[in-house]
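Reviewing the structure listed below.
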Amino acid sequence: DAKTTQPTSMDCAEGRAANLPCNHSTISGNEYVYWYRQIHSQGPQYIIHGLKNNETNEMASLIITEDRKSSTLILPHATLRDTAVYYCIVYPKAYVFYTGANSKLTFGKGITLSVRP
Amino acid sequence: EAEVAQSPRYKITEKSQAVAFWCDPISGHATLYWYRQILGQGPELLVQFQDESVVDDSQLPKDRFSAERLKGVDSTLKIQPAELGDSAMYLCASSLVASLHEQYFGPGTRLTVT
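Order-wise, the sequence lines are chains A and B. Going by our numbering, the first sequence opens with residue 301, and the numbers climb by one from there. Going by our numbering, the second sequence opens with residue 10, and the numbers climb by one from there.
Here it is in structure tokens:
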């Protein structure tokens, strides 16, 4: 059963902020929110993760609502190279330092972001 | 920057033939994953290794798929015999034992079974 829901696709203009939403209404208190992206013909790439505080790194910002039922990935100045499928994944905190069975990432279909010139 | 290597990048094979894919993870990464990605879908885990041991192969079709990581470094995924439904992208990923915050993926092998 899907633990996250994302729109199928969205687009934005180059240079503008891209705000990618994700719903995870059944998330539990011990689950992280992870974002990966997959550029065409490449393997997925880790972007960012968070538990309940907003996070920022050199690639993006992650805003998690106070109730943790949804989040938004923000690419502040989208470029054509940001065109990709973006996956929002919830992941048990207990598995972060655990490498046994069930510690795999479970990808959905993701959201396709198209950045237009 | 260290990368996960995979070969071949593309493979076309006829059904009922055998096919093999190779993966070399980032040096020092003890955990290795093989994923399969059907067009339009997200990757799905086939098998996970911790060093040379399999820790999760629950989604691996064991009647035709096999995977090994004999020395705990590089790994091979084999399909014998290949079926039309096996056409997909096969992705290898690795991560440090101590952290799963980042799984590093290779470029994948695109398999077409005719």
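Positions of the beta carbon are idealized from the N, C-alpha and C atoms, including for glycine. Everything numeric in this text was worked out from a predicted model, so none of it was measured.
query: What in chain A is Cβ-close to GLU111/B, meaning under 8 Å?
result: TYR346
query: If you draw a straight line from the alpha carbon of PRO70/B to that of ALA97/B, how long is it in whole angstroms?
result: PRO70/B and ALA97/B have their C-alpha atoms roughly 14 Å apart.
query: When DSSP builds the beta bridges, which residues end up paired with MET310/A?
result: LEU413/A
task: Indicate the three-state DSSP secondary structure (helix, strand or coil) for ARG119/B in the structure shown.
output: strand
task: Could you tell me the distance, in whole angstroms, from the CA atom of ASN319/A to the CA atom of VAL385/A?
output: 13 Å
query: Exposed or buried, what is ASP382/A when buried is set at 16 or more other beta-carbons lying within 10 Å of its beta-carbon?
result: buried
field: Reduced DSSP category for ALA107/B - H, G, I as helix; E, B as strand; rest coil
entry: Bear in mind that a pLDDT of 47 at ALA107/B, under 50, signals an unreliable position, so the number given afterwards is only what the model happens to contain. ALA107/B falls in the coil class under three-state DSSP.
task: Below 8 Å between beta carbons is the criterion; list the residues of the region 48–77 of chain B that meet it against any residue of chain A, in chain order.
output: Within the region 48–77 of chain B, GLY49, GLN50, GLY51, PRO52, GLU53, LEU54, GLN57, GLN59, VAL64, ASP65 and SER67 place their CB atoms closer than 8 Å to a CB of chain A, listed in sequence order.
- prompt: Quick one: what's got a C-beta closer than 6 Å to CYS322/A's C-beta in the same chain, skipping five residues either side?
  reply: THR304, GLN306, SER371 and CYS388
task: Please check the pair GLN26/B and ALA91/B, which I expect to be a contact at CB under 8 Å, by giving their CB distance rounded to whole angstroms.
output: 6 Å
query: So which of LYS352/A, CYS312/A, HIS340/A and GLY343/A has the shortest CA-CA distance to ASN330/A?
result: LYS352/A
field: Straight-line gap, LEU375/A to ILE339/A (C-alpha atoms, nearest Å)
entry: 15 Å
- prompt: Should VAL415/A and LEU373/A be called a contact, given that it needs their Cβ atoms to be closer than 8 Å?
  reply: no
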